[in-house]
Amino acid sequence: MKRILFLLFAVGLAANMTVMAGMSTGKVRKETRFLTDKMAYELSLSTQQYNDAYEINYDFIYSVRNIMDYVARGYEWALDDYYEALDIRNDDLRWVLSDAQYRRFLGAEYFYRPIYVTGGKWSFRVYINYPNHSLFYFGVPYHYRTYCGAHYRPHFHHASYYRGRYTNFNHYSAPHRVRDQRVYHSYRRSDFGSVRFRPNTSMRPHNAPTRPGHSSRPGASATRPGTSRPSTSTRPDTSRPNTSRPGTTTRPGTSTRPRPEASSAPNRESGKTSSSSRESSSRRNNSSGSYNRNNSSERNHRSSSHGNSSRSSSSSTRSNVSSGPTERRSSSGSTRGNNTQSSSRSSERSSSSRR
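For the sequence shown, the tail end lands on 381 under our numbering, and the numbers increase by one without skipping.
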């Protein structure tokens with residue numbers, strides 16, 4: 027009975043301590059882009075500032091993604107690691123933002139202290155002001171899928187990579203560390219007031235996640251590849267990522283496919299053309315033959331009453347009949363035979379009329 031009660035108590039305790047699990051790299055990129063996009067919108071960041079702020083926010087979220095579960099469970103060492111990572115992030119942003127931009131940044135706690143815990147779960151404050159998770163004012167940073175912490179402080183002797191990168195405006199005068207502020211305990215109650223921290227948990231265990239500022243991620247060398255990065259004072263690109271689907275012009279259409287009858291099409295067409303020309307020529311010849319017969323009979327009838335005129339008409343008829351076959355030599359042999367027979371009949375009728 028005691029074992030059953032103990033198991034039930036353990037299950038209930040685990041249910042009450044449900045926290046947000048560690049995020050994957052893809053989830054870190056999405057959360058980083060959403061936070062940076064809203065910072066660029068409210069602080070009027072340039073394209074270079076937008077890209078650098080994305081890197082800084084990425085390093086921060088990646089560093090705390092595994093320790094926030096321990097913060098929600100009430101471990102003091104995890105809380106110290108969180109504020110250490112937050113101070114590194116805010117100090118890097120001080121070298122990217124101008125004095126006026128950084129003061130506005132400090133005035134927005136969802137930017138300055140972006141994470142809080144409520145109901146045993148940790149989340150980002152920016153979603154309170156921007157509940158639409160799919161709302162983005164700018165496009166993705168140019169290294170959205172490629173940046174993996176190459177500019178994090180451990181790769182530059184724990185100094186800020188972004189110091190001295192912006193010389194065209196004044197920066198905030200001194201570092202603004204959260205733990206050095208008089209209102210630190212007020213900030214702590216605002217961020218994690220719902221968490222009951224356990225006593226004697228200030229020492230880091232040996233199996234704890236990597237401490238902020240000490241990264242084991244693969245990064246670039248200590249040289250600053252700043253020359254290869256775009257630097258412009260304009261606002262970030264407001265165009266959304268290209269989501270248009272490929273048009274029908276790029277898809278293989280039926281016009282590009284070879285038709286099965288393509289090879290035989292010209293022969294069929296030529297055959298149809300020749301046959302149609304033969305039929306048309308034969309129709310013309312037949313019509314001309316019938317026309318010549320009518321003319322010859324009519325003229326022969328006139329020659330019976332007028333001898334001299336019939337002779338001239340018969341001669342003209344002969345010339346017309348004989349010229350008909352000559353002009354149509356390209357026609358078939360059957361057509362020539364018909365013309366010859368028609369001319370012989372007309373000559374016989376004319377001779378009978380003379381008699």
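Note that the Cβ used here is the ideal one computed from N, Cα and C, for glycine as well.
Just so we're clear, the structure is a prediction, and the values are computed from it rather than from any experiment.
Exercise. With contact counted as at least three CB pairs below 8 Å, one residue from each stretch, are the stretch 109-119 and the stretch 51-59 in contact?
Worked result: no
Exercise. Nearest-angstrom Cα distance between serine 124 and proline 235?
Worked result: Taking the sequence shown and counting its residues from 1, the one referred to as residue 124 is at position 98. Taking the sequence shown and counting its residues from 1, the one referred to as residue 235 is at position 209. Spanning the two alpha carbons is a distance of roughly 34 Å.
Exercise. If we count Cβ pairs, one from each stretch, closer than 8 Å, do we get three or more for the stretch 146-162 versus the stretch 59-68?
Worked result: yes
Problem set entry | Buried or exposed (CB count within 10 angstroms, at least 16 for buried), phenylalanine 195 | Start at 1 with the first residue of the sequence shown, and residue 195 comes out as number 169. Under this definition phenylalanine 195 is an exposed residue.
Exercise. Any idea if lysine 64 is buried or exposed, counting beta-carbon neighbours within 10 angstroms, 16 or more meaning buried?
Worked result: For this step, residue 64 is matched to residue 38 along the sequence shown. Lysine 64 should be labelled buried.
Exercise. Residues bridged to tyrosine 142 by DSSP?
Worked result: On the sequence shown, position 116 is the one that residue 142 refers to. Beta-bridge pairing links tyrosine 142 to Ser149.
For this session: Output the distance between the C-alpha atoms of arginine 224 and asparagine 233, rounded to the nearest integer angstrom.
Result: What you label residue 224 is simply residue 198 of the sequence shown in a count that begins at 1. What you label residue 233 is simply residue 207 of the sequence shown in a count that begins at 1. Their backbone Cα atoms lie some 18 Å apart in a straight line.
For this session: Could you give the DSSP three-state label for tyrosine 108: helix, strand or coil?
Result: The residue you call residue 108 lines up with position 82 of the sequence shown. It is helical.
For this session: Within 10 angstroms of the Cβ of serine 186, are there 16 or more other Cβ atoms? Answer buried if so, exposed if not.
Result: Position 160 of the sequence shown, counted from the first residue, corresponds to residue 186. Here serine 186 is buried: its Cβ has 16 or more other Cβ atoms, across all protein chains shown, within 10 Å.
Exercise. Where do the N-terminal and C-terminal ends of the alpha helix (DSSP H) with asparagine 77 fall, by residue?
Worked result: Counted from its first residue, the sequence shown places residue 77 at position 51. Note, asparagine 77: alpha helix (DSSP H), 73-90.
For this session: Please state if the CB of alanine 98 and the CB of glycine 146 are separated by a distance shorter than 7 Å.
Result: Indexing the sequence shown from 1 puts residue 146 at position 120. Indexing the sequence shown from 1 puts residue 98 at position 72. It is a contact, given that the beta carbons lie within the stated cut-off.
Exercise. How many angstroms separate the CA atom of aspartate 95 from the CA atom of phenylalanine 218?
Worked result: Mapped onto the sequence shown, residue 95 falls at position 69. Mapped onto the sequence shown, residue 218 falls at position 192. If I take the Cα positions, the gap works out to 12 Å.
For this session: Report yes if the C-beta distance between leucine 119 and isoleucine 82 is below 7 Å; otherwise report no.
Result: Residue mapping note: residue 119 aligns to position 93 of the sequence shown, counting from 1. Residue mapping note: residue 82 aligns to position 56 of the sequence shown, counting from 1. Cβ distance < 7 Å, so leucine 119 and isoleucine 82 count as in contact.
Exercise. At what residues does the alpha helix (DSSP H) containing threonine 58 begin and finish?
Worked result: Mapped onto the sequence shown, residue 58 falls at position 32. Unbroken alpha helix (DSSP H) run through threonine 58: 51-69.
Problem set entry | Segment limits, alpha helix (DSSP H) that includes glutamine 127 | Against the sequence shown, residue 127 aligns to sequence position 101. Residues 125-133.
Problem set entry | Top-ranked residue by Cα proximity to leucine 71, from Gly100, Tyr192 and Arg203 | Your numbering for residue 71 matches position 45 in the sequence shown. Looking at the Cα atoms, Tyr192 is the closest of the given residues.
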